[in-house]
Every structure is written in structure tokens, then in C-alpha cells.
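Residue numbers (my numbering): 224 to 751.
Using N, Cα and C, we set each Cβ at its ideal position, and we do this for glycine too.
Since the model is a prediction, treat every value here as computed from it, not as a measurement.
Everything on this sheet refers to the single structure shown next.
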């Protein structure tokens, strides 16, 4: 369903690609700039080298440079010793990669982080871990993602959980896995200094691990998509378990617990209740327990009393906000009902997150975030590129810009251009890199007001504005942001339809106007 979320006056330039993608917003151009060879392993991360060329890493440890639309091998396992590459990031002349390698016997693995010098392609081990046990099937998330701090002094590495929802994963015949759920090295985000001369070692012993000082935060199931906001905070999107609960989006801060295994996607994990019966759970599909993940679990760990879990962001829509009703089992659209979800439609599997740090993108995207997902999600939700606008510390809006991709894995922003990494089909076909460009917005505010169902009068203004609406809509709330994404303190008087802006500094602001119907539009306001 399409919504009039951004009623904007943009220079319109549509691209009509010959593939299945659908551009959902005006002023956006999509172009495929590289088709990746079918015989390459699945690509997982996209970035740019100092020479300006795009570069991507694949699961088998190969790293390819894109030159004039063609791919050339830049490095592989023989160079950096990592045969399973799950994430990659670049800061200046330094490249960081991570992954987990299964050890002989196929019951344990070790997490590794390597640092490479881009100029001379030399590598060194930055960090490794004690061996830890594998989980069963695809629920084992390994050392799955990393991101370098904005100053390059630290690298943040996420070790995903061993389990789906905290259940027991016994490896038949493997001593030490009887009754084993997750381990101390799992479900955590580590902050590792990048300047250490000697490799950092992460111990498997819980007490030693906490004493090391490397744990940044915990209780994170699978934070595969991480990115730095323009406010300097780290944000991340985590996929949830096999039940139909939301995919969570967080501001990730130090010494906080994000709930796993007791809280998943903003919902209480039912396994912690002895009387849980999956047959009566409308959030569980008919085949969800075919491997026993949701069997009765009377010994499930008790939720700690004194831990304040961080709650996910609420998504006010208009997109990526499908949910399954707990009472009826029906899939509904939250924003259509004036509701929110935490945070995105279930089973989207968010994979890539970036923010416009240089403030180079045109309004209404300036300083905002962009999220891509591997899956489609509930209710045939789309495999899409999402525009995220953080409204405050606990809510955001999500708008689909382009849909119809074949399993996106990453997004990269270079000044005013986005690049998308598509992983394609399971047979290796359809892997590609796309370029997304945006038209600049027209600056004639009078023309903007003339054809819009909502008028801001006067605009530009030196003091008050009046929100004049044609039609039957009524304004419920107005939030005002500067171009750095910071919310301004204003009061909207519903009786007079006025907003007093006299105390604000001169500049350009973005008003997000929400109607009683739940729909929203944005409007640019100039204060002089």
C-alpha cells in the first residue's frame, strides 16, 4: 500500500529499469552499475577504497574491487587468513574484517578480527576468542558484524547468539553441550581498540570476559546491521526469532542490556513461562516447532530483576510496519490503525544500515538513515530500501523508496549517492551493485504551497506560522527538526493552528505533520 508520506516538490526524473525493482518515491534514479559473477560466493559487505573504487567482501573471504563495472580480486584467505568473512568496514587506510572459523571436530569455532593496511595489503590479527560451541542450524549467528568508530580508534564487533530464542542446543555426542544454551561470548557487542600492538584475546570464561573491559553491551540477538548516526550514536537493527515478532531497531549504548533471551523484538519471550503451549500461540506458524525450538522449557533461565532492558524504537510508519494480531492471527498494518510496531515487520532480516554523515543528500533525506533487508517480511512486505527518520529517542518513521530487490545485504553512502549490494538467488544468479541518486528539491516555496493540500503561512517566516489545511484532515501533532536531525521544542495550538517559531535561530527546518488519521507529510520551513 502506498501512502502520501512525503508531499514534496522535487525535480522529477524517473528511471524505468529493465528489472523488477519499483521506485516508490519521486525524484529517485536507480541504475545497476555492476553484475557480479555467478560463481562468486555470496557478497556480504560493500564499501569504498581510498582510490574511489567500490569494494565488497564475500562469505568465503574473497574481497573484490569494482573497476569500470568489472570485478577484480583484491584479497582472499591467502592474504588475511580468514576463510569465512561475515563483515567488513574501512576507516582511512585501514580495513577491518571479522568472521568465525569452525575448528577440527566441527563442534566449536573461534571468532577472529583482522586489520589490513590498504596501501600495501598487509594484515595482522587484531583479536580472537576462545573456542565456543556451534549452535544447531541457521540460528547460530557467529561473529557476524563490525563497524569502526567515527574516529577510527575502536572497532565494534558483534557476536550473535548461539540459539534461536534461548533454548537448549545439544550437539549429539559432544561433551559439554548437555543443557547448553548461549555462552558468555554470545549475544554481545565488543569494543576493541584498533591501535593495540598485540592481538586482543576474548576469553570464554564469563568472569574473565567481564573483567577484560571489552564488553560494550549485551542481550543482542543478531545485530547484523549497524551504523553511526549523525548525532554520534551507534544504531543497529536486529532480526528476531522464528515467531512473528518485529525486527528491533536500537540506539546501542555502553553497559546496557537489550533483553535477549527474555525480550525479543520488544515482545516477552514465551519460553520463559512454564505453561507456554505453542499450539495456542498465534504468533507461531504451523511448522515453526519442527525442530523443537519451542518445546516446553521449565528450566528456562529466570529474568533478572534488577536489569533495565532497552526497548526497541517504535515505527510510526507508513511502511515496514506489518504485525500479526495475537488474538486473531491476522496480519495488519500498524500505521493504518494508528498504532506502532517495534520496530519493523517480522522476518525482514535487516542487513545494512547507513546514515548521511556529510549532510549531502537533499531534503527530505538530509542526515537521515537508510536500511536494507534480506527478506520480505510479514504480509508480503517488500524487499526494499527504507528511508529512516529518527523522530526522537524512541520512535522513527520508515518509508519505502525502492522495492522489488532480490535479497539486499548492504548499503553504502558516498556523499549524495547510495550504493546497494544485492546478494541474488541461492544458485548465485542475480548478484549486483546498484547506484541510487536523488534529485535536488525545488526551492520555490510559493509553488510548493500552491499545489499542496496543506499550506504553511507565511513561509518564509520571522515568527509564527499558521498551518492551513484543505479537506477533512485534522492535525494531531507537529514535530520540527533542523537539518542535523535535532528536534526543536515547539508548541502547536490546535485552536488557532499556529506554531510560534520566534525563539528559533534563522535557518531551514523540516516539519513532520501527523494527522488524526495516522498519515503524515513533511514540509520545509524557512525561518529568517
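Rounded to whole angstroms, what is the Cα-Cα separation between residue i and residue j?
i	j	result
residue 762	residue 636	Here the chain covers residues 224 to 751 and nothing more, so residue 762 does not appear.
residue 435	residue 401	28 angstroms
residue 553	residue 487	20 angstroms
residue 318	residue 341	7 angstroms
residue 628	residue 716	43 angstroms
residue 683	residue 556	36 angstroms
residue 389	residue 523	8 angstroms
residue 598	residue 264	19 angstroms
residue 350	residue 408	13 angstroms
residue 423	residue 308	19 angstroms
residue 508	residue 448	26 angstroms
residue 511	residue 533	27 angstroms
residue 734	residue 702	6 angstroms
residue 261	residue 470	30 angstroms
residue 443	residue 677	42 angstroms
residue 594	residue 634	7 angstroms
residue 519	residue 474	33 angstroms
residue 305	residue 323	8 angstroms
residue 359	residue 654	28 angstroms
residue 418	residue 374	12 angstroms
residue 379	residue 395	34 angstroms
residue 355	residue 652	34 angstroms
residue 632	residue 614	25 angstroms
residue 726	residue 314	40 angstroms
residue 649	residue 573	18 angstroms
So, with DSSP's three-state summary, where would you put residue i?
i	result
residue 470	strand
residue 557	coil
residue 302	helix
residue 402	coil
residue 503	helix
residue 196	Since the first residue shown for the chain is 224 and the last is 751, residue 196 is missing from the structure and cannot be characterised.
residue 529	coil
residue 588	coil
residue 434	helix
residue 262	coil
residue 751	coil
residue 362	helix
residue 244	coil
residue 710	strand
residue 754	Given a span of 224 to 751 for the chain in the structure shown, any question on residue 754 remains unanswerable.
residue 296	strand
residue 408	coil
residue 382	strand
residue 602	helix
residue 416	strand
residue 486	strand
residue 631	strand
residue 357	coil
residue 429	helix
residue 541	strand
residue 494	helix
Using the rule of at least 16 other Cβ atoms within 10 Å of the residue's Cβ for burial, across every protein chain shown, is residue i buried or exposed?
i	result
residue 624	buried
residue 550	exposed
residue 581	exposed
residue 744	buried
residue 674	With a pLDDT of only 41 at residue 674, under the threshold of 50, the placement of this residue in the model should not be trusted; the figure read from the coordinates follows. Counting Cβ neighbours within 10 Å, residue 674 comes out exposed, since fewer than 16 surround it.
residue 502	exposed
residue 483	buried
residue 481	buried
residue 616	exposed
residue 251	buried
residue 544	buried
residue 433	exposed
residue 386	buried
residue 657	buried
Who does residue i pair with in a DSSP beta bridge?
i	result
residue 450	458
residue 345	340
residue 745	735
residue 351	335 and 424
residue 279	269 and 287
residue 612	620
residue 571	Answer is none; residue 571 lacks a bridge partner.
residue 516	Looking at the DSSP assignment, residue 516 forms no beta bridge with any residue, so it has no partner.
residue 661	251
residue 639	DSSP lists no partner for residue 639.
residue 698	738
Measure how close the beta-carbons of residue i and residue j come, nearest whole angstrom, since I'm counting them as under 8 angstroms.
i	j	result
residue 626	residue 245	5 angstroms
residue 621	residue 542	5 angstroms
residue 579	residue 453	7 angstroms
residue 576	residue 489	That belief does not hold up - the Cβ atoms of residue 576 and residue 489 are roughly 18 angstroms apart, past 8 angstroms.
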